[in-house]
Amino acid sequence: MDSKPTNIDKSYLADYTLHLADSSLIMGHRLSEWTGHGPMIEQDIAISNIALDLIGQARNFYQYAAEIINLENTEKKITEDDLAYLRDTFEFKNFLITELPNGDWAQTIGKIFFFSTWQFYFYQKLIYSSDKQLSAIADKSLKEVTYHVKWSSDWVMRLGDGTDESRKRLVTAIEYLWPYTGEMFVPAEFESNNEDQVNVDVSSIKKDWHDKVSCVSAEATLALPTNTWMQSGGKKGIHTEHLGYILAEMQYLQRTYPGLEW
Amino acid sequence: MGPQQLLEKFNARIEQDIRIEPKDWMPDDYRKTLIRQISQHAHSEIVGMLPEANWITRAPSLKRKAILLAKVQDEAGHGLYLYCAAETLNISRETMIEQLLSGQAKYSSIFNYPTISWADMGAIGWLVDGAAIMNQVPLCRASYGPYARGMVRICKEESFHQRQGYEILLTLCRGSKEQKAMAQDALNRWWWPSLMMFGPNDDQSPHTAQSMKWKIKRFSNDELRQKFVDICKQQADILGITIPDPDLKWNDERGHYDFGEINWGEFWNVVNGNGPCNKERLAAKIKAHEDGAWVREAALVFAAKQKKKNSDKEVKLETV
Ligand SMILES: [Fe+2]
Ligand SMILES: [Fe+2]
Chain A
218 MDSKPTNIDK SYLADYTLHL ADSSLIMGHR LSEWTGHGPM IEQDIAISNI
268 ALDLIGQARN FYQYAAEIIN LENTEKKITE DDLAYLRDTF EFKNFLITEL
318 PNGDWAQTIG KIFFFSTWQF YFYQKLIYSS DKQLSAIADK SLKEVTYHVK
368 WSSDWVMRLG DGTDESRKRL VTAIEYLWPY TGEMFVPAEF ESNNEDQVNV
418 DVSSIKKDWH DKVSCVSAEA TLALPTNTWM QSGGKKGIHT EHLGYILAEM
468 QYLQRTYPGL EW
Chain B
768 MGPQQLLEKF NARIEQDIRI EPKDWMPDDY RKTLIRQISQ HAHSEIVGML
818 PEANWITRAP SLKRKAILLA KVQDEAGHGL YLYCAAETLN ISRETMIEQL
868 LSGQAKYSSI FNYPTISWAD MGAIGWLVDG AAIMNQVPLC RASYGPYARG
918 MVRICKEESF HQRQGYEILL TLCRGSKEQK AMAQDALNRW WWPSLMMFGP
968 NDDQSPHTAQ SMKWKIKRFS NDELRQKFVD ICKQQADILG ITIPDPDLKW
1018 NDERGHYDFG EINWGEFWNV VNGNGPCNKE RLAAKIKAHE DGAWVREAAL
1068 VFAAKQKKKN SDKEVKLETV
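Order-wise, the sequence lines are chains A and B. Add 217 to the 1-based position in the first sequence for the numbering used here, that's all there is to it. Add 767 to the 1-based position in the second sequence for the numbering used here, that's all there is to it.
And the structure:
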């Protein structure tokens, strides 16, 4: 990675990159819980594949974040693993929706559908970031995310327009997830200053996201929830109770045996 | 052609190493043997995902997490190819899965052992995938075409699996005292079950002779096991950990390592359902299957609705 961050505020850039890394990692980590337990082998493979893509994206962002942090860090150089394994819940900046439990297949599909649709519109804009590295990661990730959107949309339609049971489960899932979609479009402090045109104005992709989600839902013969109360906090490090357990599990070896190579 | 002629033709093809394909005539027992072997193999890939999936969420680095996830996903792919290969012998995937879940069909008993530490991911890759490769490479030349071709694809991935496992152990063995102890402990637990993966001794293996005659099998259980021991001993020496067998020593005369007696009592116990994780493994697969029932049904109903919509459209177009 040769593109050096320019004269912008480096801590904002690091936080921004970490936020993107954290969301991808926590989402991928959650989805990997399905591996070996999917409803059919083909779908077990598909969901593991999405998990793998997301973990790959997270690694790209963490490596870049480490590079930014290391510019100012003269002592010990930190690595992608330090960032993933040695930060605590209040330092994680992932969207809350990514840490919610998988629940049943409908809830998982809903999570992937809402999140990957956000990623789809987000990466399309991040490609134009003045930060070359973020732009490159966005470009690479967009191809993957395009498939995630298609795959999850297909499932939304299948479940919505499948059996009574599948429809009921999907409706329940969407009602549960809906309040967690709002924060995806509200800029955090680290993304409020955009003079350098590094980050994406997330409020600007809300309409595209909403149109796409409405359109797929309509095809699935579903109406979207009308309640507008939205949860928030993920980007600020204020999480649900679920994240602590995810980290306890994920970080256990690094925490038990500090400072080793694996 | 009469039955005698068909059999002669079949035997001649086997003799000349010409592949048998799904549409060719084959003796009933040949078909049954293949169904048993291929479906057992498919079940092993699928059940074998569980002990390793157990560590995906606890993998100690992002790189290891990605590699392990990709590996377990490969195993699902192997299961899929193998179910497809078996389906060419006129048995459906649903039937095979039913046989697995009802406990009627077997899978490799190695997967009934628990994965207790991270080092087990190393030991499984090195020893379990290693033993699988040893068993499977000769199957790339098996007389039944779809099986042989499936195995070519699978073997390529298995050698990557083995390397990543060995690499995990190598890293642990070069690491701290605790890490090396973790690696040794994993070897202690996985060594003997890995040797059991080659099946009973030749004089106790009821199917071997016929399978070799049909060129489904090319080497006997004991031949493959010996080859495995010889290779592993050297690899263990490089790691600097000790194979838990006091009788393991080089025999100049034979040009092989001698090794101790396998505990066949344990082997048959695990095969017959009394291994440490038999119940958990099957329960996990049953749960996934039952929890997935409404998902599969929804997909079928949706597909049927789509088909009907499309044919209605066609009818409309025709009447216009
Ligand atoms: Fe495999
Ligand atoms: Fe494997």
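Yeah, the Cβ is synthetic: ideal placement off N, Cα and C, and Gly gets one too.
Which bits of chain A does residue i rub up against, with CB to CB less than 7 Å?
i: B:L817; result: G253
i: B:I823; result: S249 and T252
i: B:G846; result: I258
i: B:R1063; result: P256 and M257
i: B:K832; result: I272
i: B:E945; result: Y474
Is the beta carbon of residue i within less than 8 Å of some heavy atom of ligand 2?
i: B:E925; result: yes
i: B:A898; result: no
i: B:E842; result: yes
i: B:K838; result: yes
i: B:H808; result: no
Is residue i near ligand 1 - that is, is its Cβ less than 8 Å away from at least one heavy atom of it?
i: B:E812; result: yes
i: A:D261; result: no
i: B:H845; result: yes
i: B:I834; result: no
i: B:G815; result: yes
i: A:I258; result: no
i: B:I921; result: yes
i: B:H928; result: yes
Do residue i and residue j have their C-beta atoms closer together than 9 Å?
i: A:Y302; j: A:M467; result: yes
i: A:Y279; j: A:N410; result: no
i: B:Q1002; j: B:W893; result: yes
i: A:P396; j: A:N319; result: no
i: A:W335; j: A:M401; result: yes
i: B:F1026; j: B:V1068; result: no
i: B:H928; j: B:D887; result: no
i: B:I834; j: B:Q772; result: no
i: A:D232; j: A:A405; result: yes
i: A:G451; j: A:K293; result: no
i: B:L829; j: A:D298; result: yes
i: A:F337; j: A:V366; result: yes
i: A:F332; j: A:T315; result: yes
i: B:I820; j: A:G245; result: Note that residue 820 of chain B is Ala in the sequence shown, not Ile. Result no, Cβ atoms of B:A820 and A:G245 do not sit closer than 9 Å.
Can you list, in chain order, the residues of its chain with a C-beta nearer than 6 Å to that of residue i? Leave out the 5 residues immediately preceding and following it.
i: B:L906; result: M918
i: B:L817; result: R1048 and A1051
i: B:A909; result: A915 and I983
i: A:G399; result: M447
i: A:H456; result: T306
i: A:N277; result: I354
Using a Cβ cut-off of 9 Å, pull out every chain A residue sitting near residue i, in sequence order please.
i: B:W893; result: Residues of chain A passing the Cβ test: none, with the nearest at roughly 16 Å.
i: B:G1059; result: H254, G255, P256, M257, Q260 and W322
i: B:Q840; result: T252, D261, I262, S265, N266, A268 and L269
i: B:A886; result: Result: empty, since nearest Cβ-Cβ is about 10 Å, beyond 9 Å.
Within a Cβ cutoff of 7 Å, which residues of the same chain sit near residue i, ignoring the five residues on either side of it in sequence?
i: A:G255; result: D261 and I264
i: A:F307; result: G454
i: A:A353; result: none
i: A:Y340; result: A355, S358, L359 and V362
i: A:K221; result: Confidence at A:K221 is low in this model, with a pLDDT of 48, below 50, so its placement is unreliable and the value that follows should be read with caution. Same-chain partners within the cutoff: there are none.
i: B:G966; result: S972 and N988
i: B:L801; result: L856, Y911, Y914 and I983
i: A:T438; result: G377 and D378
i: B:K1016; result: Y1024 and D1025
i: A:L313; result: Y397, E400, Q448, G450, G451, H456 and T457
i: A:I286; result: A231 and I295
Residues of chain B with a CB under 7 Å from the CB of residue i: which are they?
i: A:E297; result: L829
i: A:Q471; result: P827
i: A:H456; result: Under the 7 Å cutoff, chain B gives no residues; its nearest Cβ is about 17 Å from A:H456.
i: A:L351; result: Those do not exist, as A:L351 stays about 19 Å from chain B at its closest Cβ, beyond 7 Å.
i: A:A301; result: L829
Beta-carbon within less than 8 Å of residue i's beta-carbon, same chain only, minus the 5 sequence neighbours each way: which residues are those?
i: B:P724; result: Outside the shown range of chain B (768 to 1087) lies residue 724 of chain B, about which nothing can therefore be said.
i: B:I1008; result: L936, C940, K947, A950, Q951 and L954
i: A:S421; result: K342
i: A:W251; result: D261, I264, S265, A268, N319 and T325
i: B:R920; result: Y848
i: B:H1056; result: I864 and L868
What in chain A is Cβ-close to residue i, meaning under 8 Å?
i: B:L836; result: S249, T252, S265, A268, L269 and I272
For a contact meaning CB atoms closer than 9 Å, what does residue i contact in chain B?
i: A:Y279; result: L829
Item to check | Length-filtered (4 minimum) alpha helix (DSSP H) runs lying within the stretch 993 to 1068 of chain B | outcome: Segments of the alpha helix (DSSP H) lying fully in the stretch 993 to 1068 of chain B: 1031 to 1036 and 1045 to 1058.
Checklist entry - Residue ranges of each beta strand (DSSP E) run of no fewer than 3 residues wholly in the stretch 774 to 817 of chain B, ordered along the chain? => result Correct list: empty.
Item to check | Any beta strand (DSSP E) of 3 or more consecutive residues that is wholly inside the stretch 251 to 307 of chain A | outcome: Runs found: none.
Next on the checklist: Which runs of the alpha helix (DSSP H) at least 4 residues long sit entirely within the stretch 378 to 422 of chain A? Give them in chain order.
Outcome noted: Within the stretch 378 to 422 of chain A, the complete alpha helix (DSSP H) runs of at least 4 residues are 381 to 394.
Checklist entry - Which runs of the alpha helix (DSSP H), 4 residues or longer, sit entirely within the stretch 906 to 993 of chain B? => result Listed in chain order, the alpha helix (DSSP H) runs fully inside the stretch 906 to 993 of chain B are 912 to 940, 944 to 963 and 975 to 980, counting runs of at least 4 residues.
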